[in-house]
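Report on the structure given below.
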Amino acid sequence: MSVQMNYWLWGAFALLFALVPCLYVCGFKGVSDRLVALEFGSCIVTLDLVLLAEGFHRPSFYDLPLTLAFLSFGGGMVFARFLQRWL
Amino acid sequence: MHHSTIAAVLVGIAVALSLACSLGVAVMKSPLQRLHYSAPVCSFAVALIGCAVWLDDPNWQARLKAVLIAVIMFLMNAILSHATARAIRIREDKHFEPLASEDIPLLATAEASERSTQAEK
Numbered sequence: 000m001s002v003q004m005n006y007w008l009w010g011a012f013a014l015l016f017a018l019v020p021c022l023y024v025c026g027f028k029g030v031s032d033r034l035v036a037l038e039f040g041s042c043i044v045t046l047d048l049v050l051l052a053e054g055f056h057r058p059s060f061y062d063l064p065l066t067l068a069f070l071s072f073g074g075g076m077v078f079a080r081f082l083q084r085w086l
Numbered sequence: 000m001h002h003s004t005i006a007a008v009l010v011g012i013a014v015a016l017s018l019a020c021s022l023g024v025a026v027m028k029s030p031l032q033r034l035h036y037s038a039p040v041c042s043f044a045v046a047l048i049g050c051a052v053w054l055d056d057p058n059w060q061a062r063l064k065a066v067l068i069a070v071i072m073f074l075m076n077a078i079l080s081h082a083t084a085r086a087i088r089i090r091e092d093k094h095f096e097p098l099a100s101e102d103i104p105l106l107a108t109a110e111a112s113e114r115s116t117q118a119e120k
């Protein structure tokens, strides 16, 4: 499958750079900051997957960001509870 | 203007907004300040991308899923941000309810209304 670069894929490529500050915060800051950066990063990755699905013209690929949107909420809640009680 | 041009502009704005907010996450000093920067991404950027997909793609599966993702992210981010802020406050201050020594205006308002209620009695 060969796909030419379109503005959806360029947008997905540019959006990857938004993960760099999240990686920096996750690597060098405190525990609470890491949780916030993780949640922000999961938002960015969800958006990135939407752009990729549209850029590849494959509607079935939308299942991935849809699943991630649900699971990142559940994961974030679990991490928040851990942070509050034990970490 | 052609639909694909409008969609490209919407995607560009959403990506620029996300990049700016990611810089905000890196620059801010406290986790509660950082927490604010996920809201523009999960409300404006997601809505812009949902609109762009709706305009550009005639496939109803893609349209509905993009809008569903936008709605889910918008709703879930509000709940998740609240839960995270609550967890951070309890972790750092060991309590959630505001204390009188913290000088929180909301507490002062509540105390004032309580005093006025007692005065009325």
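Chains as they are written, first to last, in numbering that gives the first Met the number 0: chain L, 0 to 86; chain A, 0 to 120.
Glycine is no exception: its CB is placed at the ideal position from the N, C-alpha and C atoms.
Neighbouring residues, chain L, relative to residue i (Cβ below 8 Å)
i        : result
A/CYS132 : The requested residue 132 of chain A is not part of the displayed model; chain A covers only 0 to 120.
A/VAL52  : VAL49 and GLU53
A/ILE103 : Simply none; closest approach about 20 Å.
Contact list for residue i against chain L, beta-carbon separation under 7 Å
i       : result
A/VAL14 : GLY10, ALA13 and LEU14
A/SER17 : LEU14, ALA17, ILE43 and LEU46
A/SER37 : GLU38, PHE39 and CYS42
Chain-ordered chain A contacts of residue i [CB-CB under 7 Å]
i       : result
L/GLN3  : Chain A residues near L/GLN3: none, gap ~14 Å exceeds 7 Å.
L/CYS21 : SER21 and VAL24
Residue burial classification, residue i (beta-carbon count within 10 angstroms, cutoff 16)
i        : result
L/PHE72  : buried
L/PHE39  : buried
A/ILE131 : Nothing can be reported for residue 131 of chain A: it is not among the residues displayed for chain A, which extend from 0 to 120.
L/VAL30  : exposed
A/GLY49  : buried
A/MET75  : buried
L/ALA11  : buried
A/VAL14  : buried
Alpha-carbon spacing of residue i relative to residue j, whole angstroms
i       : j        : result
A/PHE73 : A/ALA99  : 34 Å
A/HIS94 : L/GLY54  : 47 Å
A/LYS64 : A/ASP102 : 46 Å
L/MET76 : L/ARG57  : 31 Å
A/CYS47 : A/GLN117 : Sequence check: residue 47 of chain A is Leu here, not Cys. One C-alpha to the other measures close to 51 Å.
A/ASN58 : A/ALA82  : 36 Å
Neighbouring residues, chain A, relative to residue i (Cβ below 9 Å)
i       : result
L/PHE55 : What L/PHE55 touches in chain A: nothing, since even the nearest Cβ is about 11 Å away.
L/LEU70 : Ordered by position in chain A, no residue passes the 9 Å Cβ test against L/LEU70, which lies about 10 Å from the chain.
Under 8 Å by beta carbon: chain A residues contacting residue i
i       : result
L/LEU65 : LYS64, LEU67, ILE68 and ILE71
L/GLY26 : Per Cβ cutoff of 8 Å: no residues; L/GLY26 is ~11 Å from chain A at best.
Residue nearest to residue i in terms of C-alpha spacing, selected from the options
i       : options                               : result
L/ILE43 : A/PRO57, A/ALA19, A/ASP55 and A/LYS28 : A/ALA19
A/VAL26 : L/PRO20, L/LEU14, L/LEU51 and L/GLN83 : L/PRO20
A/ALA44 : A/ILE5, A/ARG85, A/ARG90 and A/VAL10  : A/VAL10
L/TRP85 : A/GLU91, A/ALA69 and A/ALA15          : A/GLU91
A/VAL24 : L/LEU14, L/ALA13, L/GLY26 and L/ALA36 : L/ALA36
A/GLN32 : A/THR4, A/ALA84 and A/CYS41           : A/ALA84
L/ALA68 : A/CYS41, A/LYS28, A/LEU16 and A/HIS2  : A/CYS41
A/ILE5  : A/ILE68, A/PRO30 and A/ALA51          : A/ALA51
Distance between beta carbons of residue j and residue i, contact taken as under 8 Å
i       : j       : result
L/VAL49 : A/ILE68 : 6 Å
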